[in-house]
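> In my numbering, the protein residues as written are 9 to 488.
From the three backbone atoms N, C-alpha and C, an ideal C-beta is built for every residue, glycine too.
Let me begin by handing over the structure; questions about it come next.
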């Protein structure tokens, strides 16, 4: 990729540092993308993280007719002016005020999570449609909002628990294509903190023209529509859908479109800033900062998003008849491994299969990991299908099982409240020991879970789950 904007030293241009907003360099690409594509942006962060200052400085640098409202206090008159009947008394006209919305080019709706529901409904059409009372706001380009992390009831009370900040309605959250989290002061590195403390209130004198950067990015977005990038972005987002749903991050069709567009916007933005970045890297930014669940108080683990992203990148690059498309369509991560096992090593490499196994271990509960090891480990050991880290992860439960079974005597402390479940487990183990050797191994797994892992799975459900896993991997064996 050819660099189009760099600092005098030849390094990538730092957008937010140039506006005396320090510690936010990692957000340069996504914020320039949001400015270029002019889609709604929501900032989330604790108080004092420069949410308002960031948006107001962007508006000032772009020389916009800007409106800044506190959504928790807003009234409809603030947006439209005062309603009065016209001279003929045939309709309502609005008495204009200096702060009304009619001529605004950008609007910042602060504290949107503290807004009363009836006012949120009024703001909905402003954010989503650039309309108010059904009337188009012809000059309005940018719709920005900010909020503190919403209170979900799961937090421990501390200095940064915001009892007045409630999760956004799912439909409203879904109207923000960009949902960006700002870091706390104590999470910044020392250099950024010192710069902020010394120069955070200084009047910015950037070495760049923000309107020029926005135009360059917008032009690059337009040019990307003529290449292969849009088709790749669509395939990438299609590959995300199942994994996101499995992770409890289900997205709407609207959101799928947003993320696909975000891939192109972020890639164009990186190019403008002189950042050497592959399209797949831009796709991760579009995913990370394009999910609405943050506005509803859901924590998004970056490691989980990375695993979802990597698998989607792999799938997006495959031909339509690739087995990866069939594998990705399967929701259960263990069943996904069983189906992938049918394709090794011809269509799926050792590294790819190992990644699927590690993902399955990470996303499955402890009893599920024991059952996965029981059915998969013998197959992969014989065929050498896993790399060392994946094999160690998979075999960890079996090592504990072997150690437990190697002891002649066992002493187990059982809580009085768990005696009933323990007795059921002992009865189930005795029943399994009377069956085939395979059943006896299942009984030993159950004992290890109770005695070593201190787990109390429902014994009947555990046996039924084992039967399901067995059928999945038996199908794989039949294909060998």
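#1: Grab the span of the alpha helix (DSSP H) containing residue 170 for me, first residue to last.
#2: Ends of the beta strand (DSSP E) at residue 116?
#3: Does DSSP put residue 79 in a helix, in a strand, or in coil?
#4: Can you tell me which of 30, 343, 363, 386 puts its alpha carbon nearest to the alpha carbon of residue 194?
#5: Any idea what DSSP makes of residue 257, helix, strand or coil?
#6: Does the contact criterion of 3 or more C-beta pairs under 8 Å hold for the region 309 to 321 versus the region 224 to 231?
#7: Put residue 91 into one of helix, strand or coil per three-state DSSP.
#8: What are the residues that DSSP puts in a beta bridge with residue 101?
#9: Please give the ranges of any alpha helix (DSSP H) in the region 10 to 74, keeping only runs that are unbroken, at least 4 residues long and fully inside the region.
#10: With residue 153 as the anchor, note down where its beta strand (DSSP E) starts and where it stops.
#11: Below 6 Å CB to CB, which residues in the same chain sit around residue 212 once its five sequence neighbours on both sides are set aside?
#12: State the beta-bridge partners of residue 262 as determined by DSSP.
#13: Can you give the Cα-Cα distance for residue 11 and residue 202, rounded to whole angstroms?
#14: Quick check: what's the CA-CA separation for residue 414 versus residue 254?
#15: Return the CA-CA distance between residue 402 and residue 454, expressed in angstroms with no decimal places.
#16: Determine whether the beta carbon atoms of residue 372 and residue 405 lie at a separation below 8 Å.
#17: Assuming the contact rule is C-beta atoms closer than 8 Å, residue 77 and residue 91 should be a hit. Round their C-beta distance to whole Å, please.
#18: Helix, strand or coil for residue 187, going by three-state DSSP, please let me know.
#19: Please go through the same chain and pick out, in chain order, the residues whose beta-carbon is closer than 7 Å to the beta-carbon of residue 181, but skip the five residues on each side of it.
#20: For a test of the three-state rule: what should DSSP assign to residue 124, helix, strand or coil?
#21: For the alpha helix (DSSP H) holding residue 397, just list the boundary residues, first then last.
#22: Quick check: residue 45 and residue 73, are their CB atoms within less than 8 Å of each other?
#23: Should residue 118 and residue 87 be called a contact, given that it needs their Cβ atoms to be closer than 8 Å?
Inspection of the coordinates gives the following:
#1: Along the chain shown, read from residue 1 onward, the residue named residue 170 stands at position 162. First-last for residue 170: undefined, no H or E at that position.
#2: Indexing the chain shown from 1 puts residue 116 at position 108. Looking at the DSSP string, the run of the beta strand (DSSP E) that includes residue 116 is 114 to 118.
#3: By one-based count along the chain shown, residue 79 stands at place 71. Assigned with DSSP and collapsed to three states, residue 79 falls in coil, not helix or strand.
#4: Start at 1 with the first residue of the chain shown, and residue 194 comes out as number 186. Among 30, 343, 363, 386, the Cα nearest to that of residue 194 is on 30.
#5: Against the chain shown, residue 257 aligns to sequence position 249. Of the three classes helix, strand and coil, the one that applies to residue 257 here is coil, per DSSP.
#6: Contact between the region 309 to 321 and the region 224 to 231 is absent, because fewer than three Cβ pairs lie under 8 Å.
#7: In the chain shown, the residue the question calls residue 91 occupies position 83. Note: residue 91 maps to strand in three-state DSSP.
#8: For the purposes of this step, residue 101 is taken as the residue at position 93 of the chain shown. In the DSSP assignment, residue 101 forms a beta bridge with 92.
#9: Note on the region 10 to 74: whole alpha helix (DSSP H) runs with a minimum of 4 residues are 36 to 45, 59 to 69, in chain order.
#10: As a position in the chain shown, residue 153 is number 145, starting the count at 1. Note, residue 153: beta strand (DSSP E), 150 to 155.
#11: The residue given as residue 212 occupies position 204 in the chain shown. Leaving aside the five residues that flank residue 212 on each side, the residues in its chain whose CB is nearer than 6 Å to its CB run, in chain order, 27, 28.
#12: The residue labelled residue 262 in the question sits at position 254 within the chain shown. Note: residue 262 sits in no beta bridge, so no partner.
#13: Within the chain shown, the letter at position 3 stands for residue 11. Within the chain shown, the letter at position 194 stands for residue 202. Any reading at residue 11 is ruled out, since the residue's pLDDT is 43, under 50, leaving its predicted position unreliable.
#14: Against the chain shown, residue 414 aligns to sequence position 406. Against the chain shown, residue 254 aligns to sequence position 246. So the two alpha carbons sit approximately 38 Å from each other.
#15: Position 394 of the chain shown, counted from the first residue, corresponds to residue 402. Position 446 of the chain shown, counted from the first residue, corresponds to residue 454. One C-alpha to the other measures close to 17 Å.
#16: Looking up residue 372 in the chain shown gives position 364. Looking up residue 405 in the chain shown gives position 397. Taking 8 Å as the cut-off, the Cβ atoms of residue 372 and residue 405 do not count as close.
#17: For this step, residue 77 is matched to residue 69 along the chain shown. For this step, residue 91 is matched to residue 83 along the chain shown. Actually they do not touch by this definition, with Cβ atoms about 18 Å apart.
#18: In the chain shown, residue 187 corresponds to position 179, counting from 1. The answer is strand: DSSP assigns residue 187 an E or B state.
#19: Taking the first residue of the chain shown as position 1, residue 181 is located at position 173. The answer, listed in chain order, is 300, 303, 304.
#20: The residue given as residue 124 occupies position 116 in the chain shown. Residue 124 falls in the coil class under three-state DSSP.
#21: Here residue 397 refers to the residue found at position 389 when the chain shown is read from its first residue. That run of the alpha helix (DSSP H) goes 396 to 413.
#22: Locating residue 45 in the chain shown gives position 37, counting from the first residue. Locating residue 73 in the chain shown gives position 65, counting from the first residue. The Cβ-Cβ distance between residue 45 and residue 73 does not fall below 8 Å.
#23: Within the chain shown, residue 118 is the residue found at index 110, counting from 1. Within the chain shown, residue 87 is the residue found at index 79, counting from 1. No; because the gap between Cβ atoms is not below 8 Å, this pair is not in contact.
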